[in-house]
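S.K.: FYI, the numbering for the sequence shown is 2 to 141, going by my numbering.
Every residue, glycine too, gets a C-beta built ideally from N, C-alpha and C.
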Amino acid sequence: MPATGDQGKDIMALDRRFLLCGFAYAIAGMGLGIYMAASHNHALSVAHAHMLLLGFVVSFIYALIHKLWLVGAGGRVAGFQFYLHQLAVLVLSVGLVLLYGGVVPEPAIGPLLGAAAVGVLVALLLMAWLVLRIKGDVAK
Ligand code: HEM
Ligand code: HEM
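#1: May I have the straight-line CA-CA distance separating VAL72 from PHE57, to the nearest angstrom?
#2: According to DSSP, is HIS41 part of a helix, a strand, or is it coil?
#3: Unbroken beta strand (DSSP E) runs of length 3 or more, entirely within the segment 43–131: which are they?
#4: Exposed or buried, what is GLY6 when buried is set at 16 or more other beta-carbons lying within 10 Å of its beta-carbon?
#5: One question on the structure: do HIS49 and LEU33 come within less than 7 Å of each other, judged by their Cβ atoms?
#6: Can you find the residues in the same chain that come closer than 7 Å, C-beta to C-beta, to SER94, ignoring five residues on each side of it along the sequence?
#7: Determine the burial state of PHE17: buried for a count of at least 16 other Cβ atoms within 10 Å of its Cβ, exposed for fewer.
#8: Using a threshold of 7 Å, state whether the C-beta atoms of LEU125 and PHE83 are closer than that.
#9: Kindly examine ligand 2 and report whether one of its heavy atoms sits closer than 6 Å to the Cβ of VAL104.
#10: Since I believe GLY23 is in contact with ALA64 (beta carbons under 8 Å), could you give me their beta-carbon distance rounded to a whole number of angstroms?
#11: Which whole-angstrom value describes the C-beta separation of TRP70 and VAL132, a residue pair presumed to lie in contact below a C-beta threshold of 8 Å?
#12: Is ALA109 near ligand 1, in the sense that its beta carbon is under 6 Å from a heavy atom of that ligand?
#13: Since PHE61 and LEU20 are thought to touch, with beta carbons under 8 Å apart, how far apart are those beta carbons, to the nearest angstrom?
#14: Answer with buried or exposed for HIS86, where buried requires no fewer than 16 other C-beta atoms within 10 angstroms of its C-beta.
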């Protein structure tokens with residue numbers, strides 16, 4: 002987990018990490034989209050949608066927030082927020098593939114998906130808190 006004190010450096014790393022994770026979800030999500038289109042089997046569209054919207058789009062937005070507003074701020078909470086979002090989206094993405102792919106039944110995977118969903122929401126609340134905390138420091 003990144004240290005608190007190193008002004009700018011850790012947060013630069015976090016914006017890049019969010020970007021790279023976002024691209025990974027874009028590749029996986031679009032790959033799944035092409036597979037669905039080619040196979041005419043859209044059963045996994047919910048997994049595809051959330052991989053792209055939570056994994057790619059939201060990670061990309063978090064990267065931009067870090068780049069534009071959180072430079073030199075955040076510290077440990079920002080590091081934790083990164084891992085929480087990425088872990089929760091990974092569990093959600095894999096879980097939705099298993100659920101809508103018919104591999105694991107809903108009663109078995111439901112609680113895990115619920116926990117992952119709460120993780121995504123808590124990460125969002127943490128990001129909102131980080132932004133509110135640096136309100137006075139927004140320079141541009
Ligand atoms: C290579 C690119 C992509 C391909 C081939 C693709 C393909 C598909 C296919 C076949 C479906 C199922 C449609 C249906 O059953 O009605 C779908 C649904 C969806 N896709 Fe994509 N997609 C791509 C990129 C994206 C991107 C970049 C996003 C968002 C950032 C996205 C978001 C969605 C959403 C939200 C749905 C669900 C729509 C609904 O059910 O109302 N897709 N996609
Ligand atoms: C913790 C976060 C989230 C949870 C737990 C969640 C849950 C769900 C559920 C249960 C559905 C209905 C699936 C079905 O029809 O069987 C759904 C559909 C959908 N959600 Fe989410 N969602 C989340 C975040 C988001 C976000 C951030 C976006 C957009 C930025 C989004 C966009 C959509 C779209 C477009 C659909 C329709 C997909 C389709 O019908 O294929 N969701 N979501």
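M.R.: Taking the coordinates as given:
#1: 21 Å
#2: coil
#3: none
#4: Reliability fails at GLY6, whose pLDDT of 44 lies under 50, so the model's placement of it is uncertain and the value that follows must be treated cautiously. When all chains shown are included, GLY6 counts as exposed.
#5: yes
#6: ALA48, HIS51, MET52 and GLY56
#7: This sequence places Arg at residue 17; Phe is not what is there. Answer is exposed; the Cβ neighbour count stays below 16.
#8: no
#9: No; taking the cut-off as 6 Å, the Cβ of VAL104 has no heavy atom of ligand 2 nearer than that.
#10: Indeed they touch by this definition, with Cβ atoms about 6 Å apart.
#11: 6 Å
#12: no
#13: 7 Å between Cβ atoms; contact.
#14: HIS86 comes out buried.
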